[in-house]
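Our numbering puts the sequence shown at residues 4 to 112.
These notes concern the structure reproduced below.
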Amino acid sequence: MEGLELICFQIISASGGAKSAYMAALEAAKEGNYEEAENMIKEGDEMLNQGHAPHATLVQQEAAGHSPEVSLILIHAEDQMMGAETFKAMVEQLIDVYKELDALKAKVA
């Protein structure tokens with residue numbers, strides 16, 4: 004495996020790891036462990052950043068006039084990275100909902 008294929012798999016791997024970390028953050032928030040949730044968001048961000056570096060390489064190559072060959076694996080890599088970014092935004096919103104729910108439960112109790 005080399006070149007474009009390797010870059011694509013780096014992006015896919017990093018994006019998958021990020022999504023797993025974001026899901027763990029949501030699970031931690033569901034249990035009321037907001038510190039752990041924040042840590043898992045940071046871990047997911049670090050993983051996602053690992054995918055952005057090879058992606059930036061592809062963008063720079065295209066800007067220099069060396070467009071990569073569009074393939075199913077490249078499209079999949081792009082989709083996984085965008086999906087991870089979207090998933091993070093949704094998880095952050097849901098964590099806020101859990102915080103509000105816990106605050107309301109505390110008022111009622």
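Using N, Cα and C, we set each Cβ at its ideal position, and we do this for glycine too.
Item                                                                         : Value
Alpha-carbon spacing of Met26 relative to Ile98, whole angstroms             : 11 Å
Closest residue to Leu51 among Glu95, Ala24, Leu107 (Cα-Cα distance)         : Ala24
Nearest residue (CA-CA) to Glu81, options Glu5, Ser16, Glu38                 : Ser16
Where the alpha helix (DSSP H) through Ala109 begins and ends                : 75-111
Contact between the region 53-73 and the region 7-14 (3+ Cβ pairs under 8 Å) : yes
Three-state class that DSSP yields for Ala66 in the structure shown          : helix
With 16 other Cβ atoms within 10 Å as the buried cut-off, status of Gly47    : buried
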